[in-house]
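Everything on this sheet refers to the single structure shown next.
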């Protein structure tokens, strides 16, 4: 095969197959170019740049929706660098929907101003492209590339409020922490590639079998004595550390409270939902890649304990997040810890999936898909409730110029729309019926119950999760306590809050929280979709 | 349904609903009006009921097959019943509750009668109630503790709105197509009666009377409800008429219980002989009874038949009908159609039936409702007290219409009554008519005399229905409605004329002051007494309506006695009472209008009533004279016969053939044959009663006071109304009071004590719980909170904010995880 033939094959693969399925990412790329051009020709004086960004995001969303509608079988794009399947499309759609909502939020809340608009939206769209790469990564290099492509614009966005010392400090911390993690992760990738001779994730499981099969020397499936296995486990641990950094799992969470406190609420909301969703998709892919289609003897020894290990981390993360949230006085810091706790809950779903997927429990695949379904459902509800909370924080900040909880005193009565929205979001975050968060948590807990039959330790995780839910109530209620029960201090200016457009935005974002919990139709549709996506992903393994 | 029929339904619906509309407008409009001097409510009520009369009369003209009515031959072609459903209230599987209508000539007649009389009475009330047209009405009968009288705003509008509501309810009752709907409107007329009796609610006597009427009626309605439950469970429908559910024909009550021809003579003979044996042992003279049965079957040609003289021939049995019973005579089979096809269960193929005793329970239960509503023995005591209401109310509600509703229902429900039930009805009617008439002799309150007379006449109607004179009973219902409402209005006119004086001993000679009233009252008196010139002049007897109808009843009971000689009292008591009736009615007239004035003051102030009151009197007296013209061959009787249940015509027999329960209902022919004879008896009784009254009160040849002295025991007994009120006081009211006191004591002593004890204990437990809560639970929660909060705070120290440390934690974290995995993995 000469060079021409390879080139021709490459071109065919790229143009004929891959680019079409890559259309929504391309749309975002075009938008970024457009944004820069608008700045270059000074068109932004007449056309606010958010229109360009919003149109581009909506176009990309439309394209992703078309892909969702078409469906189609699993394909590998760009010579196997990316995978194109229902799971990826769903997350792509999810991210783009979120992007549209965040752009709308920034337009309403007025950060950034028109001067900084092109820069900000370029970064926002760039980070989104990185996330979209993460959710469809099929190669360890793309995994690294996606994480970095998400992280680098995030560093800048955290420090976007250039004048504020806190903001710059947060950005710097984030950068350095991120750089450290990137090093760790890269080390893990190089170990993995060195051991297995490939960076293609779909080949990992197969290669591991070859490496550890009884025919290979030292057919000892103990980490303590098998150096190769030990190395592979260490490598996967190091790669997981990179993902864990994006998920802000304990003990890789240190950046999160500082970054959230320094960043504008809009950016914090973006990071808390989007990068987390993308990282979860990536984690699921990576974990399933490790397990492989038919892992045989390995599953009982290694993967089960990888799952249990994830469960331990999940339990610790949820507990830590909740406990640390208690004594916070800054609402964004509080929500940052809440984010950490929720990452813990969601990681429980991944752990349950890992435990279940190759276990000998009846209907193991179906139950693993159930766990994944729970994760998807949770993420979707989480999108709305967390974005709603951050949006309300942003709107209140615009009014009272403060993000301290004590300054929220009596606000619920003066801005009822924001107050009630906050009630919905926070109760849903706790997991109270009749809000969407209840069903999301219920689904995850149910899959933990299932996983407990494979390994009883998951029941311990379940108990810790349940206990955490109770404890989390207290600090969420502290916010509501401030908003409703503590009277507004004498002499403080009355908050003037117009319903349009901010109130309408809050209604739009918080209504799904209620709908997914209260009216059977919406939860049914959502869980149907989630179940379909999850089953397609699991059945491919 | 033809266009004509649907027009009739629309007309009657309009006549029915117009008063309801009137009621709604009047009661709210009247309440919100600023002054109580407006007559608008009354005019609206008159307009509503007047339009209702026009609609009803038009429907009557439209609905009747005049050629069948006026010509010779069978009267059953006068009108085909129209039935249907207005509105479905609810469905419970095959059971249906609905608002239906059932229209036959009886319905049309009742509609026309009720609306006509109601219109007259409404007009009369315009005058009678006019003292309420004021913002400051003084009720002279209510004495306040400070010696003054009670002042209140006038209630003119309220009176007429209640009257409108009553008309709506009464018409709804008549129109109803199922027994449940009848019950609903039954209760509605009951509440209207309650409201109207208690119209002068501040008078203790009025409010007591209202309560009495209401409570006594509940006793009867209790039986009604039992009857309804039996019907609902046994028949599965309340509807009278056949209908369809999901295009499946469903028979109505009347069809289900339709009669079959009585068993053939041979069969009868067999039973007869065995009956005779038993009879002979118990009653030597009872042997005539079965032959009486035979007699009526065979007496077609025999004018003056002796019971034992003739022998029945088999073919005549074809006319006699009876319930479709099994051989053991314990169950009655239900029919699918009028040809006697039995209903069979599609699954089990057993024939649907109802136990015979249950059918009797249903009949007696429904009749118990009639007893209450029509003030029959033993529930007659409420009606005289109900005269506390304004006189137009007495005329409309408590003589012409509502109390007659019981008779109407007994007539409407006639097909459902087993012969035993009819016998009960006959005896109840018989007792009532006699008891009430005797009390009327000694009553001195003009309205009370009329009230007892009403009870007595209602007893006649019940008796008529009970002895198989279906048309006779309802005939009397119609004629009585006219002459009795006439007399009540006339008495109202007297009362107004004498400034609310109701005691007859204070009146006398009033005919000079109020000639129209006196004359019209005389018409009513003659009508109710049944006086007539029994010779044909211009081809017809000169007689007022009451003669014809009472004659018909007496004839029926005579025929019944001929057929069932053991029940001879059912003929003699009404006959004697006919004389008593004439006596007390003429006593009333002579007392009031004739002779010399007894109380100068009353006489001097008396004056004739205004036109608005006398014109209704004249209209009603016209009808009281002519409504029954022609008697048994006249149009009114013909109309009623158009609705007569099929099995009445040929007579009916009870299913039992022995003992006192063996009953034979006389056929039309049997009644017709004794008609002339009965007419003479009744006339002689009436004339002698009237003459006796004339002697005592007219020319006063005998002093009534002497008689009173000589028979003081009887007199007191009658004045005390046969001591029914005392009896009920001892039998029911006293025991209830005792039980109530006992209950109160138990309640106060034990229940309250227990409750108090419980509440004290609850407080104790709560106090203890509070201590536990505050100290233990709250302490625990606070402790947990504190611990959690503290650990949260300590975690804060981990977040130092130093970037060097953060990066170090990365390395430590990875290492820690690796060690964790290493430790965790099994060997």
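Chains as they are written, first to last, in the working numbering: chain A, 1 to 541; chain B, 542 to 1368.
Just so you know, even glycine gets a beta-carbon here, dropped at the ideal spot from N, CA and C.
All values reported here derive from a predicted model rather than from experimental measurement.
Exercise for the section: Answer with buried or exposed for residue 1304 of chain B, where buried requires no fewer than 16 other C-beta atoms within 10 angstroms of its C-beta. Expected result: exposed
Practice task
Please compile the residues from chain A whose C-beta is within a distance smaller than 9 angstroms of the C-beta of residue 799 of chain B.
Solution key: Result: empty, since nearest Cβ-Cβ is about 55 angstroms, beyond 9 angstroms.
Practice task
For residue 123 of chain A, count neighbouring Cβ atoms within 10 angstroms of its own Cβ and tell me buried if that reaches 16, exposed if not.
Solution key: buried
Problem - Burial state of residue 964 of chain B, where buried means 16 or more other Cβ atoms lie within 10 Å - result: Taking all protein chains shown into account, residue 964 of chain B has 16 or more neighbouring C-beta atoms within 10 Å of its C-beta and is therefore buried.
Handout entry: Chain-ordered chain B contacts of residue 241 of chain A [CB-CB under 9 angstroms]
Key = The contact set of residue 241 of chain A on chain B, defined by CB atoms closer than 9 angstroms, consists of 1351, 1354, 1355 and 1358 in chain order.
Exercise for the section: Have a look at residue 893 of chain B and residue 709 of chain B and give me their C-alpha separation to the nearest angstrom. Expected result: 38 angstroms
Handout entry: Contact the stretch 960–980 of chain B vs the stretch 737–744 of chain B: 3+ CB pairs below 8 angstroms
Key = Touching, no, given that fewer than three Cβ pairs across the two stretches are closer than 8 angstroms.
Exercise for the section: Express the C-alpha separation of residue 1155 of chain B and residue 680 of chain B in angstroms, rounding to a whole number. Expected result: 25 angstroms
Exercise for the section: Determine whether the Cβ of residue 1340 of chain B lies closer than 8 angstroms to any Cβ atom of chain A. Expected result: Yes, residue 1340 of chain B lies at the interface with chain A (some Cβ there is under 8 angstroms from its Cβ).
Exercise for the section: Give the residues of chain A in contact with residue 1329 of chain B, contact being defined as C-beta atoms less than 8 angstroms apart. Expected result: Within chain A, the residues near residue 1329 of chain B are 323, 326, 471 and 474.
Exercise for the section: Would you list, in chain order, the members of the stretch 514–528 of chain A that have their beta-carbon closer than 7 angstroms to a beta-carbon of chain B? Expected result: Among the residues of the stretch 514–528 of chain A, none has a Cβ less than 7 angstroms away from any Cβ of chain B.
Practice task
May I have the straight-line CA-CA distance separating residue 1170 of chain B from residue 638 of chain B, to the nearest angstrom?
Solution key: 41 angstroms
Exercise for the section: Using a Cβ cut-off of 8 angstroms, pull out every chain D residue sitting near residue 1348 of chain B, in sequence order please. Expected result: Of the protein chains in the structure, A and B, none is chain D.
Exercise for the section: List the residues of chain B whose Cβ lies closer than 7 angstroms to the Cβ of residue 252 of chain A, in chain order. Expected result: 1351 and 1354
Practice task
Report all residues from its chain with a CB closer than 7 angstroms to the CB of residue 1372 of chain B; omit the five preceding and five following residues, and keep chain order.
Solution key: Residue numbering for chain B in the displayed model covers 542 to 1368; residue 1372 of chain B lies beyond these limits and cannot be assessed.
Problem - Inter-residue spacing [alpha-carbon to alpha-carbon] between residue 404 of chain A and residue 129 of chain A - result: 33 angstroms
Handout entry: Contacts that residue 1344 of chain B makes with chain A (C-beta to C-beta distance below 8 angstroms)
Key = Within chain A, the residues near residue 1344 of chain B are 172, 173, 176 and 177.
Exercise for the section: Figure out for me which residue from B:786, B:1109, B:1185 and B:1041 has the closest Cα to the Cα of residue 1016 of chain B. Expected result: B:1185
Practice task
With 9 angstroms as the limit, tell me which residues of the stretch 670–702 of chain B have their beta carbon closer than that to any beta carbon of chain A; keep them in chain order.
Solution key: For the stretch 670–702 of chain B, there are no residues whose beta carbon sits under 9 angstroms from a beta carbon of chain A.
Exercise for the section: Quick one: give me the first and last residue of the beta strand (DSSP E) that residue 681 of chain B is part of. Expected result: Note, residue 681 of chain B: beta strand (DSSP E), 678–684.
Handout entry: Nearest-angstrom Cα separation, counted from residue 101 of chain A out to residue 399 of chain A
Key = 21 angstroms
Handout entry: Contact set for residue 433 of chain A: own chain, Cβ-Cβ below 7 angstroms, skip 5 residues either direction
Key = 517
Problem - Proximal residues to residue 198 of chain A (C-beta, below 8 angstroms), its chain only, five neighbours per side dropped - result: 204 and 207
Exercise for the section: Examine chain A for any beta-carbon lying closer than 8 angstroms to the beta-carbon of residue 1337 of chain B, and answer yes or no. Expected result: yes
Practice task
With a threshold of 16 other CB atoms inside 10 Å of the CB of residue 558 of chain A, please say whether the residue is buried or exposed.
Solution key: Nothing in the structure corresponds to residue 558 of chain A, since chain A is present only between 1 and 541.
Handout entry: Partner residues on chain B for residue 255 of chain A, Cβ-Cβ distance less than 8 angstroms
Key = 1347
Handout entry: Length of the line joining the Cα atoms of residue 483 of chain A and residue 420 of chain A
Key = Note on geometry: alpha-carbon atoms of residue 483 of chain A and residue 420 of chain A lie some 10 angstroms from one another.
Practice task
On the DSSP bridge assignment, give the partners of residue 896 of chain B in chain order.
Solution key: B:872
Problem - Cβ contact (3+ pairs, closer than 8 angstroms) linking the stretch 409–428 of chain A and the stretch 488–504 of chain A - result: yes
Handout entry: Proximal chain A residues relative to residue 597 of chain B, where beta-carbon distance stays under 8 angstroms
Key = The contacting residues do not exist; residue 597 of chain B stays about 56 angstroms from chain A at best.
Practice task
Keeping to the same chain, check which residues put their C-beta closer than 8 angstroms to that of residue 61 of chain A; ignore five residues upstream and five downstream.
Solution key: 24, 93, 96, 97, 99 and 100
Exercise for the section: Give me the Cβ distance between residue 590 of chain B and residue 623 of chain B, rounded to the nearest whole Å; I'm assuming they're in contact under 8 angstroms. Expected result: Not a contact, Cβ separation roughly 23 angstroms.
Practice task
Give me the Cα-Cα distance between residue 790 of chain B and residue 712 of chain B, rounded to the nearest whole angstrom.
Solution key: 28 angstroms
Problem - At least 3 beta-carbon pairs within less than 8 angstroms: the stretch 493–509 of chain A vs the stretch 324–343 of chain A - result: no
Exercise for the section: Alpha carbon to alpha carbon, how far is residue 328 of chain A from residue 1318 of chain B? Give it in angstroms, no decimals. Expected result: 27 angstroms
Practice task
Excluding the 5 residues preceding and the 5 following residue 332 of chain A in the sequence, name in chain order all residues of the same chain whose CB lies nearer than 7 angstroms to its CB.
Solution key: 260, 261, 265, 268, 393 and 403
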